[in-house]
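Those letters in the sequence shown? Residues 1 to 390, by the UniProt record's numbering. First up is the structure itself, then whatever we jot down about it.
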Amino acid sequence: MNEKRLSQQLRSFERLLDTYVKGKEPLSRFLTLFFKENRQMGSNDRRTLSRWSYNYFRLGEGLPALPVLERLTIAEYLCCTESDVVALLDPALSHTITETIDGKLLLLANRFSFDVHEVFPLIAHVSADLDTGLFLKSLFRQPKLFLRLRPGAESIVLKCLERNQINYERIGRSCLALENGTKLDQYEELRGMYEVQDRSSQQTGDYFEAKAGEKWWDACAASGGKSLLLMQTYPGVNLLVSDVRSSILRNLDERFEKAAIKDYRRKIIDLTKDPSIILGNDTFDGIILDAPCSGSGTWGRTPEMMQQFSEGKLRYFVDLQRRILQNVIRHLKVNKPLIYITCSVYGAENEEQVAFAEKLGLRLERATLLKGYENRADTMFVARLIKNPL
Ligand SMILES: C[S@@+](CC[C@H](N)C(=O)[O-])C[C@H]1O[C@@H](n2cnc3c(N)ncnc32)[C@H](O)[C@@H]1O
């Protein structure tokens with residue numbers, strides 16, 4: 001360990017945190033800009049400061065009164081098995097850095113009265129099926145990178161990964177797990193052979209059960225993650241995609257083009273208003289509603305979000321989801337499914353919205369909390385709801 005260098009990096013880290021305005025932009029974007037403005041920092045500095053930043057935010061709302069460097073030390077201790085910061089600033093803690101996460105939490109509870117429940121905002125409001133202990137511990141580890149292989153591309157991708165000695169774990173036919181940060185862009189032969197899509201997100205596809213010739217609507221399509229999954233699993237589906245943001249639909253167009261999917265309709269629709277003005281009497285055999293939500297099931301990837309959440313924000317999403325639900329249901333055919341999806345861990349956005357949908361004339365066929373925290377993936381919720389006859 002070069003103490004002088006480390007002290008310099010710690011000062012840069014404090015400056016970095018001072019400059020970061022929470023909520024203004026995602027941490028990843030902020031870091032890119034910060035390093036652009038601080039060109040004197042070499043690749044080692046950039047790597048170290050990035051790692052510290054992510055680990056620091058993994059401590060969420062825990063131990064708020066402690067000074068920045070003490071919080072960083074504790075965060076590094078929880079997230080790593082080796083850390084120069086811990087070795088320099090708290091040698092006593094450093095001796096137990098290879099302990100299990102349970103051992104470390106116990107030690108921190110004794111020494112700092114640290115309660116891991118403080119880390120995650122509104123932890124008392126999570127879905128009933130969530131194992132709070134496992135979920136909270138999962139927050140101290142970066143989730144994996146998951147790929148969904150295009151149908152027919154499986155052997156090409158696997159051969160390329162093996163030839164280049166890239167470690168992967170195969171999950172089912174088309175899902176691969178890789179270590180986060182694995183770079184695949186450089187392999188020409190992999191272009192168009194896979195989508196980056198979280199494991200839980202891929203699992204929501206098990207709820208679609210579409211049929212060739214059916215009319216489906218992906219009502220909050222964004223850049224088309226679920227739509228691509230739908231079309232590559234059920235190529236004969238007649239698809240409408242929509243979103244309130246036209247810019248994100250341009251990303252969808254690009255992804256569809258790469259995937260050679262040409263046959264689909266697209267519209268810009270604000271679902272807080274009655275979509276009949278745009279859709280007329282159009283009705284669908286299936287609707288995917290991947291609703292705007294807190295994103296709390298993905299905060300393992302964006303831990304800076306944990307310090308920015310509040311009950312008011314949760315309420316905002318719950319109200320928005322209700323308005324959207326009411327508006328899309330009008331365009332669902334009787335006895336046909338609405339697939340309600342969130343990447344949230346909060347009951348109010350999940351089970352409670354199912355109860356709300358039931359009041360609107362839908363019946364629950366099946367629902368599940370996709371426990372990504374067991375697999376270093378995102379945690380999501382999916383429900384298949386069927387429209388009752390009037
Ligand atoms: C969770 S994202 C969808 C992700 C996407 N389905 C995928 O798999 O990549 C939710 C989307 O809802 C959209 N949205 C938010 N408010 C909306 C509204 N009032 N009307 C329609 N779409 C809205 C957002 O623009 C965002 O793209």
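Using N, Cα and C, we set each Cβ at its ideal position, and we do this for glycine too. The structure displayed is predicted, hence computed values, not measured ones.
Assigned with DSSP and collapsed to three states, tyrosine 54 falls in helix. Between threonine 233 and glycine 205, the gap from beta carbon to beta carbon is short of 8 Å.
Within the stretch 244-287, the complete alpha helix (DSSP H) segments of 4 residues or longer fall at 246-258, 276-279, listed in chain order. Under DSSP, asparagine 238 shares a beta bridge with Lys215.
Spanning the alpha carbons of serine 28 and aspartate 18 requires a straight line of approximately 16 Å. Runs of the alpha helix (DSSP H) lying entirely within the stretch 150-211 and spanning at least 4 residues, in chain order: 154-163, 199-203. Taking one beta carbon from each stretch, the stretch 279-295 and the stretch 329-339 have 3 or more pairs nearer than 8 Å; the two touch. In the structure shown, the three-state DSSP call for leucine 147 is strand.
Rounded to whole angstroms, the gap between the alpha carbons of serine 43 and glutamate 76 is 20 Å. Taking non-hydrogen atoms of ligand 1 into account, the C-beta of isoleucine 248 is found less than 7 Å away from one of them.
The beta-bridge partner set that DSSP reports for methionine 380 consists of Leu370. It is roughly 13 Å from the alpha-carbon of valine 157 to the alpha-carbon of glutamate 169. Counting only the Cα atoms, leucine 149 lies some 12 Å from aspartate 198.
Pairwise C-beta distances place the stretch 267-278 out of contact with the stretch 112-124, as fewer than three of them are shorter than 8 Å. A direct Cα-Cα distance of roughly 34 Å separates phenylalanine 356 from phenylalanine 140. Note that the stretch 123-131 touches the stretch 369-388; at least 3 beta-carbon pairs, one per stretch, sit closer than 8 Å. Ligand 1 approaches proline 292 closely enough that one of its heavy atoms is under 7 Å from the residue's Cβ.
Distance from glycine 297 to methionine 193 at the Cβ level is roughly 27 Å; contact not present, criterion being Cβ atoms closer than 8 Å. In this structure alanine 348 is buried. Its beta-carbon is surrounded by 16 or more other beta-carbon atoms within 10 angstroms. Non-local C-beta neighbours of leucine 108 in its own chain, meaning closer than 8 Å and more than five positions away in sequence, comprise Ile74, Tyr77, Leu78, Phe114, ordered along the chain.
For leucine 364, the secondary structure class from DSSP, reduced to helix, strand or coil, is strand. CA-CA distance, alanine 367 to phenylalanine 112, rounds to 40 Å. DSSP, reduced to helix, strand and coil, places isoleucine 341 within a strand of the structure shown. Secondary structure at isoleucine 97: coil, using DSSP grouped into helix, strand and coil. DSSP links aspartate 290 through a beta bridge to Ile341.
Between ligand 1 and lysine 258, a heavy atom-to-CB distance of less than 7 Å is absent.
The nearest non-hydrogen atom of ligand 1 is 7 Å or more from the C-beta of aspartate 206. Exclusion of the five residues before and after phenylalanine 135 leaves Tyr373 as the residues of its chain whose Cβ lies within less than 6 Å of its Cβ. Residue state for valine 354 is assigned as helix, using DSSP reduced to three classes.
For tyrosine 346, the three-state secondary structure derived from DSSP is strand. By the Cβ neighbour-count rule, alanine 260 is exposed, with fewer than 16 other Cβ atoms within 10 Å of its own.
Around the beta carbon of glycine 213, fewer than 16 other beta carbons sit within 10 angstroms, so the residue counts as exposed.
Residue side-chain check: aspartate 243 places its Cβ nearer than 7 Å to a non-hydrogen atom of ligand 1. The Cβ-Cβ distance between leucine 190 and tyrosine 346 does not fall below 8 Å.
Taking all protein chains in view, the Cβ of tyrosine 54 is crowded by 16 or more other Cβ atoms within 10 Å, so the residue is classified as buried.
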